[in-house]
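Read in order, the letters of the sequence shown are residues 1 to 320 in full-length UniProt numbering. Worksheet: the structure to be examined is printed underneath.
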Amino acid sequence: MHRIAVLWVEPVVGFDAAIAPTLFGAATGADGNPLYEVVTCGLARGPVATTNGYAMVPAAGPEALATADTVVIPGTRYAPARVHGELDADLAAALATIRPGTRIVSICTGAFVLAAAGLLDGRPATTHWRFADDLRALRPDVVLDENVLFVDDGDLLTSAGLAAGIDLCLHIIRRDHGAAVVNEVARQCVVPPWREGGQAQFIERQVLADPHGHMSTAATRQWALDHLDEPLSIEQLARHAQMSARTFCRRFRDETGQSPGGWVRARRVERARELLETHDLPVDEVARRAGLGSGANLRHHLRRGLGMSPSSYRKVFQGS
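Shown next as C-alpha coordinates:
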(Lines of atoms letter the chains of each structure in order from A; the text may use other names.)
(Lines give C-alpha, C1' and ligand atoms only; values in the text may rest on other atoms or scores of the structure.)
Protein backbone atom coordinates (compact mmCIF):
# COMPACT_ATOMS: atom_id res chain seq x y z
CA MET A 1 0.00 0.00 0.00
CA HIS A 2 1.24 3.49 -0.87
CA ARG A 3 2.38 5.13 2.35
CA ILE A 4 1.88 8.89 2.83
CA ALA A 5 3.55 10.79 5.66
CA VAL A 6 2.05 14.20 6.45
CA LEU A 7 4.65 16.29 8.28
CA TRP A 8 3.17 18.95 10.54
CA VAL A 9 5.78 21.71 10.89
CA GLU A 10 4.93 23.92 13.87
CA PRO A 11 2.96 26.16 13.81
CA VAL A 12 1.01 24.30 11.15
CA VAL A 13 -2.04 25.78 9.42
CA GLY A 14 -4.88 23.74 10.90
CA PHE A 15 -6.97 23.66 7.74
CA ASP A 16 -4.05 22.53 5.61
CA ALA A 17 -3.02 19.87 8.12
CA ALA A 18 -6.28 17.96 7.65
CA ILE A 19 -6.48 18.02 3.86
CA ALA A 20 -4.18 15.12 2.96
CA PRO A 21 -5.37 12.73 5.71
CA THR A 22 -9.00 13.42 4.80
CA LEU A 23 -8.72 13.05 1.02
CA PHE A 24 -6.19 10.26 0.76
CA GLY A 25 -7.92 8.48 3.62
CA ALA A 26 -11.18 8.50 1.64
CA ALA A 27 -9.66 6.80 -1.43
CA THR A 28 -10.68 3.16 -1.74
CA GLY A 29 -10.42 0.54 -4.45
CA ALA A 30 -13.21 -1.44 -6.07
CA ASP A 31 -13.04 -3.91 -3.17
CA GLY A 32 -13.60 -1.13 -0.66
CA ASN A 33 -10.09 -1.36 0.79
CA PRO A 34 -8.03 1.79 1.34
CA LEU A 35 -5.54 2.71 -1.37
CA TYR A 36 -3.27 4.76 0.87
CA GLU A 37 -1.84 4.38 4.34
CA VAL A 38 -1.70 7.90 5.76
CA VAL A 39 0.29 8.73 8.87
CA THR A 40 0.63 12.17 10.44
CA CYS A 41 3.99 13.00 11.97
CA GLY A 42 5.84 15.77 13.74
CA LEU A 43 9.43 16.52 14.61
CA ALA A 44 8.58 15.02 18.01
CA ARG A 45 5.70 12.91 19.27
CA GLY A 46 4.14 15.65 21.38
CA PRO A 47 1.38 18.10 20.43
CA VAL A 48 2.00 20.36 17.43
CA ALA A 49 0.71 23.94 17.72
CA THR A 50 -1.47 25.26 14.93
CA THR A 51 -1.99 28.80 13.71
CA ASN A 52 -5.62 28.54 14.78
CA GLY A 53 -5.30 28.43 18.57
CA TYR A 54 -5.26 24.69 19.21
CA ALA A 55 -2.74 21.86 19.07
CA MET A 56 -2.85 18.45 17.38
CA VAL A 57 -1.06 15.26 18.31
CA PRO A 58 0.56 13.44 15.36
CA ALA A 59 0.51 9.66 15.17
CA ALA A 60 4.27 9.37 14.68
CA GLY A 61 7.56 11.18 14.95
CA PRO A 62 9.98 12.08 12.16
CA GLU A 63 10.94 8.42 11.67
CA ALA A 64 7.80 8.05 9.51
CA LEU A 65 9.44 10.07 6.75
CA ALA A 66 12.04 7.39 6.03
CA THR A 67 9.41 4.81 5.01
CA ALA A 68 7.06 7.12 3.08
CA ASP A 69 6.33 6.88 -0.63
CA THR A 70 4.88 10.39 -0.54
CA VAL A 71 5.67 13.18 1.94
CA VAL A 72 3.19 16.05 2.32
CA ILE A 73 4.11 19.30 4.08
CA PRO A 74 1.03 21.45 4.81
CA GLY A 75 1.10 25.21 5.23
CA THR A 76 3.08 26.57 8.15
CA ARG A 77 4.29 29.79 9.73
CA TYR A 78 7.60 28.16 10.60
CA ALA A 79 9.77 31.28 11.00
CA PRO A 80 13.22 30.02 9.94
CA ALA A 81 11.90 29.17 6.46
CA ARG A 82 9.28 31.90 6.16
CA VAL A 83 11.55 34.74 7.31
CA HIS A 84 15.12 33.62 6.68
CA GLY A 85 14.82 30.86 4.07
CA GLU A 86 16.55 28.44 6.41
CA LEU A 87 15.85 25.21 8.32
CA ASP A 88 16.81 24.45 11.89
CA ALA A 89 18.89 21.35 12.57
CA ASP A 90 15.98 19.11 13.62
CA LEU A 91 13.90 19.77 10.53
CA ALA A 92 16.88 19.54 8.19
CA ALA A 93 17.82 16.18 9.74
CA ALA A 94 14.26 14.90 9.40
CA LEU A 95 14.02 15.88 5.73
CA ALA A 96 17.38 14.24 5.07
CA THR A 97 15.86 10.85 5.95
CA ILE A 98 13.43 10.98 3.01
CA ARG A 99 14.40 8.31 0.51
CA PRO A 100 15.53 9.32 -3.00
CA GLY A 101 12.62 9.08 -5.43
CA THR A 102 10.00 9.83 -2.79
CA ARG A 103 7.21 12.06 -4.07
CA ILE A 104 7.24 15.35 -2.16
CA VAL A 105 4.19 17.60 -1.91
CA SER A 106 3.62 20.99 -0.29
CA ILE A 107 0.37 22.77 0.46
CA CYS A 108 0.28 26.58 0.63
CA THR A 109 3.25 27.95 2.60
CA GLY A 110 4.68 24.47 3.03
CA ALA A 111 6.54 25.48 -0.14
CA PHE A 112 8.78 27.69 2.04
CA VAL A 113 10.06 24.56 3.79
CA LEU A 114 10.81 22.84 0.48
CA ALA A 115 12.48 26.01 -0.82
CA ALA A 116 14.62 26.38 2.30
CA ALA A 117 15.75 22.77 1.82
CA GLY A 118 16.85 23.66 -1.72
CA LEU A 119 14.33 21.29 -3.26
CA LEU A 120 12.63 23.94 -5.39
CA ASP A 121 15.73 25.53 -6.95
CA GLY A 122 15.28 25.54 -10.72
CA ARG A 123 11.90 23.83 -10.39
CA PRO A 124 8.42 25.18 -11.20
CA ALA A 125 6.33 25.73 -8.08
CA THR A 126 3.55 27.76 -6.53
CA THR A 127 2.38 28.93 -3.12
CA HIS A 128 -0.31 31.22 -1.73
CA TRP A 129 -0.36 34.34 -3.92
CA ARG A 130 -0.14 36.62 -0.90
CA PHE A 131 3.29 35.24 0.02
CA ALA A 132 4.69 34.69 -3.47
CA ASP A 133 6.88 37.81 -3.42
CA ASP A 134 8.34 36.77 -0.06
CA LEU A 135 9.30 33.36 -1.43
CA ARG A 136 10.68 34.89 -4.60
CA ALA A 137 12.89 37.24 -2.57
CA LEU A 138 14.18 34.44 -0.34
CA ARG A 139 14.77 31.91 -3.13
CA PRO A 140 15.04 33.65 -6.52
CA ASP A 141 16.01 30.38 -8.23
CA VAL A 142 12.51 28.96 -7.74
CA VAL A 143 10.44 29.17 -10.95
CA LEU A 144 7.41 30.54 -9.16
CA ASP A 145 3.94 30.93 -10.67
CA GLU A 146 1.41 32.34 -8.22
CA ASN A 147 -1.40 32.32 -10.80
CA VAL A 148 -2.16 28.59 -10.69
CA LEU A 149 -3.86 26.32 -8.18
CA PHE A 150 -1.09 23.74 -8.22
CA VAL A 151 2.06 22.69 -10.05
CA ASP A 152 2.84 19.05 -10.89
CA ASP A 153 6.53 18.65 -11.68
CA GLY A 154 6.62 14.87 -11.46
CA ASP A 155 8.14 13.93 -8.11
CA LEU A 156 7.66 17.45 -6.73
CA LEU A 157 4.19 18.99 -6.45
CA THR A 158 3.15 22.28 -4.86
CA SER A 159 -0.23 23.89 -4.30
CA ALA A 160 -1.51 27.39 -3.80
CA GLY A 161 -3.16 28.56 -0.60
CA LEU A 162 -5.49 26.67 1.67
CA ALA A 163 -8.28 25.02 -0.35
CA ALA A 164 -5.99 24.65 -3.36
CA GLY A 165 -4.44 21.82 -1.36
CA ILE A 166 -7.70 19.95 -1.96
CA ASP A 167 -7.28 20.44 -5.70
CA LEU A 168 -3.73 19.10 -5.58
CA CYS A 169 -4.57 16.04 -3.50
CA LEU A 170 -7.45 15.19 -5.83
CA HIS A 171 -5.09 15.61 -8.77
CA ILE A 172 -2.64 13.16 -7.19
CA ILE A 173 -5.38 10.60 -6.57
CA ARG A 174 -6.52 10.99 -10.18
CA ARG A 175 -2.95 10.56 -11.38
CA ASP A 176 -2.47 7.46 -9.23
CA HIS A 177 -5.82 5.72 -9.68
CA GLY A 178 -7.92 7.42 -12.35
CA ALA A 179 -11.16 9.34 -12.61
CA ALA A 180 -13.51 6.79 -11.03
CA VAL A 181 -11.60 6.74 -7.74
CA VAL A 182 -11.12 10.51 -7.53
CA ASN A 183 -14.77 11.16 -8.37
CA GLU A 184 -15.83 8.94 -5.49
CA VAL A 185 -13.44 10.74 -3.12
CA ALA A 186 -14.84 14.09 -4.26
CA ARG A 187 -18.41 12.89 -3.67
CA GLN A 188 -17.46 11.59 -0.23
CA CYS A 189 -15.85 14.93 0.71
CA VAL A 190 -18.56 17.01 -1.06
CA VAL A 191 -16.09 18.93 -3.22
CA PRO A 192 -15.79 19.23 -7.01
CA PRO A 193 -13.34 16.71 -8.51
CA TRP A 194 -11.94 19.50 -10.69
CA ARG A 195 -12.07 23.26 -10.12
CA GLU A 196 -11.81 25.82 -12.88
CA GLY A 197 -9.35 28.66 -12.77
CA GLY A 198 -6.24 29.64 -10.90
CA GLN A 199 -5.34 32.05 -8.13
CA ALA A 200 -5.42 35.07 -10.39
CA GLN A 201 -9.12 35.73 -9.81
CA PHE A 202 -8.51 36.01 -6.07
CA ILE A 203 -5.52 38.36 -6.12
CA GLU A 204 -6.09 41.93 -4.99
CA ARG A 205 -4.10 44.34 -7.14
CA GLN A 206 -2.81 47.54 -5.56
CA VAL A 207 -2.38 50.87 -7.33
CA LEU A 208 1.26 51.94 -7.48
CA ALA A 209 2.36 55.33 -6.21
CA ASP A 210 3.05 58.08 -8.73
CA PRO A 211 6.76 59.01 -8.72
CA HIS A 212 6.48 61.96 -11.13
CA GLY A 213 4.09 64.30 -9.30
CA HIS A 214 2.40 66.75 -11.68
CA MET A 215 4.14 65.11 -14.66
CA SER A 216 2.55 61.80 -13.79
CA THR A 217 0.18 59.87 -16.01
CA ALA A 218 -2.13 59.41 -12.99
CA ALA A 219 -4.74 61.93 -14.19
CA THR A 220 -4.87 60.26 -17.59
CA ARG A 221 -5.22 56.84 -16.00
CA GLN A 222 -8.17 58.13 -13.99
CA TRP A 223 -9.68 59.64 -17.14
CA ALA A 224 -9.25 56.32 -18.93
CA LEU A 225 -11.06 54.52 -16.11
CA ASP A 226 -14.02 56.83 -16.67
CA HIS A 227 -14.02 56.09 -20.43
CA LEU A 228 -13.28 52.38 -20.63
CA ASP A 229 -16.33 51.79 -22.81
CA GLU A 230 -14.85 54.09 -25.49
CA PRO A 231 -11.91 53.58 -27.89
CA LEU A 232 -8.66 54.43 -26.09
CA SER A 233 -5.63 54.62 -28.35
CA ILE A 234 -2.13 55.51 -27.19
CA GLU A 235 -2.40 58.73 -29.19
CA GLN A 236 -5.60 59.71 -27.36
CA LEU A 237 -4.08 58.95 -23.98
CA ALA A 238 -0.90 60.86 -24.79
CA ARG A 239 -2.89 63.91 -25.96
CA HIS A 240 -4.86 63.87 -22.72
CA ALA A 241 -1.59 63.77 -20.74
CA GLN A 242 -0.15 66.53 -22.97
CA MET A 243 2.88 64.43 -23.83
CA SER A 244 4.30 62.90 -26.95
CA ALA A 245 3.32 59.28 -27.46
CA ARG A 246 6.91 58.15 -26.87
CA THR A 247 7.30 60.09 -23.61
CA PHE A 248 3.87 58.98 -22.44
CA CYS A 249 4.60 55.29 -23.04
CA ARG A 250 7.95 55.50 -21.25
CA ARG A 251 6.52 57.34 -18.25
CA PHE A 252 3.46 55.12 -18.13
CA ARG A 253 5.62 52.00 -17.95
CA ASP A 254 7.84 53.58 -15.28
CA GLU A 255 4.81 54.28 -13.11
CA THR A 256 2.74 51.13 -13.63
CA GLY A 257 5.14 48.48 -14.89
CA GLN A 258 2.83 47.96 -17.89
CA SER A 259 2.37 49.30 -21.39
CA PRO A 260 -0.65 51.61 -21.86
CA GLY A 261 -2.39 48.99 -24.01
CA GLY A 262 -1.79 46.21 -21.50
CA TRP A 263 -2.96 48.40 -18.63
CA VAL A 264 -6.17 49.37 -20.44
CA ARG A 265 -6.94 45.73 -21.25
CA ALA A 266 -6.39 44.74 -17.63
CA ARG A 267 -8.66 47.53 -16.36
CA ARG A 268 -11.36 46.51 -18.83
CA VAL A 269 -11.21 42.94 -17.61
CA GLU A 270 -11.42 44.21 -14.03
CA ARG A 271 -14.47 46.32 -14.96
CA ALA A 272 -16.07 43.26 -16.55
CA ARG A 273 -15.38 41.29 -13.39
CA GLU A 274 -17.04 43.97 -11.26
CA LEU A 275 -20.10 43.89 -13.51
CA LEU A 276 -20.26 40.10 -13.41
CA GLU A 277 -20.03 40.15 -9.62
CA THR A 278 -22.69 42.82 -9.07
CA HIS A 279 -25.10 42.66 -12.01
CA ASP A 280 -27.09 40.08 -13.96
CA LEU A 281 -26.43 41.73 -17.31
CA PRO A 282 -26.03 39.58 -20.43
CA VAL A 283 -22.42 38.76 -21.22
CA ASP A 284 -22.45 40.87 -24.40
CA GLU A 285 -23.66 43.89 -22.43
CA VAL A 286 -20.98 43.37 -19.80
CA ALA A 287 -18.39 43.27 -22.57
CA ARG A 288 -19.75 46.46 -24.14
CA ARG A 289 -19.77 48.42 -20.88
CA ALA A 290 -16.25 47.24 -20.07
CA GLY A 291 -14.94 48.24 -23.50
CA LEU A 292 -14.15 44.67 -24.56
CA GLY A 293 -16.46 44.79 -27.55
CA SER A 294 -18.09 41.38 -27.64
CA GLY A 295 -18.96 38.49 -25.40
CA ALA A 296 -16.49 36.35 -27.33
CA ASN A 297 -13.68 38.79 -26.54
CA LEU A 298 -14.64 38.84 -22.87
CA ARG A 299 -14.66 35.04 -22.76
CA HIS A 300 -11.23 34.99 -24.37
CA HIS A 301 -9.70 37.35 -21.82
CA LEU A 302 -11.27 35.64 -18.79
CA ARG A 303 -10.17 32.22 -19.99
CA ARG A 304 -6.64 33.42 -20.69
CA GLY A 305 -6.21 35.49 -17.56
CA LEU A 306 -8.32 33.68 -14.98
CA GLY A 307 -9.00 30.26 -16.44
CA MET A 308 -12.75 30.80 -16.11
CA SER A 309 -15.70 31.53 -18.35
CA PRO A 310 -17.92 34.56 -17.54
CA SER A 311 -20.69 32.25 -16.34
CA SER A 312 -18.31 30.32 -14.08
CA TYR A 313 -16.88 33.55 -12.68
CA ARG A 314 -20.36 34.90 -11.96
CA LYS A 315 -21.34 31.63 -10.28
CA VAL A 316 -18.29 31.69 -8.00
CA PHE A 317 -18.67 35.30 -6.89
CA GLN A 318 -22.46 35.67 -6.92
CA GLY A 319 -23.14 32.15 -5.69
CA SER A 320 -25.73 31.63 -8.41
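C-beta: ideal position from N, C-alpha, C; glycine also.
D121 sits in a strand when the DSSP states are folded into three classes. Within the segment 98 to 174, the complete alpha helix (DSSP H) segments of 4 residues or longer fall at 110 to 116 and 132 to 138, listed in chain order. Residue range A89 to A96 is occupied by the alpha helix (DSSP H) that includes L91. Looking at the backbone, the Cα of F202 and that of V71 are separated by about 28 angstroms. DSSP places H2 in the strand class (E or B) of the three-state scheme. Counting the other Cβ atoms within 10 Å of the Cβ of P231 gives fewer than 16, which makes it exposed.
The three-state secondary structure of V48, taken from DSSP, is strand. For T256, the enclosing alpha helix (DSSP H) has its first and last residue at A245 to T256. Annotation: Y36 is outside any alpha helix (DSSP H); the continuous beta strand (DSSP E) that includes it extends over Y36 to C41.
The alpha-carbon of Q318 is positioned some 10 angstroms away from that of D280.
R175 and H227 have their C-alpha atoms some 48 angstroms from each other. Under the DSSP assignment, V283 falls in the alpha helix (DSSP H) whose first and last residues are V283 to A290. A60 has C41 as its beta-bridge partners, per DSSP. Check the Cα spacing between G61 and each of A5, V185, N52 and D153: the tightest is with A5. The three-state secondary structure of L232, taken from DSSP, is coil.
Residue A224 holds the alpha-carbon nearest to the alpha-carbon of G291 among R195, A238 and A224. Take A17, set aside five residues on each side of it, and the residues of its chain with a beta-carbon closer than 6 angstroms to its own are W8 and P74, in chain order. Judged by beta-carbon spacing, T109 lies within the 7 angstroms limit of T76, meaning their Cβ atoms are closer than that value. V9 carries a coil assignment under DSSP once its states are collapsed to helix, strand and coil.
Nearest in C-alpha terms to T22, of all of P11, E10, G32 and Y36, is Y36. Separation of Q222 and D133 (C-alpha to C-alpha, rounded to the nearest whole angstrom) is 27 angstroms. Note on geometry: alpha-carbon atoms of E255 and V151 lie some 32 angstroms from one another.
The residue from L275, C249 and E274 with its alpha-carbon nearest to that of W263 is C249. Contact annotation: D145 and T126 have beta-carbon atoms nearer than 7 angstroms.
Per DSSP, the unbroken beta strand (DSSP E) holding V71 starts and ends at T70 to I73. In this structure, S309 and L302 form a Cβ contact; the two beta carbons are roughly 6 angstroms apart against a cut-off of 8 angstroms.
In this structure, Q188 is the residue among R273, R288, Q188 and G307 with its C-alpha nearest to the C-alpha of F24. Between the beta-carbon of A115 and that of G85 there is about 7 angstroms, and that keeps the pair under the 8 angstroms contact cut. According to the DSSP assignment, A272 belongs to the alpha helix (DSSP H) that extends over P260 to T278. Rounded to whole angstroms, the Cβ separation of T28 and P34 is 6 angstroms, and the two are in contact under 8 angstroms.
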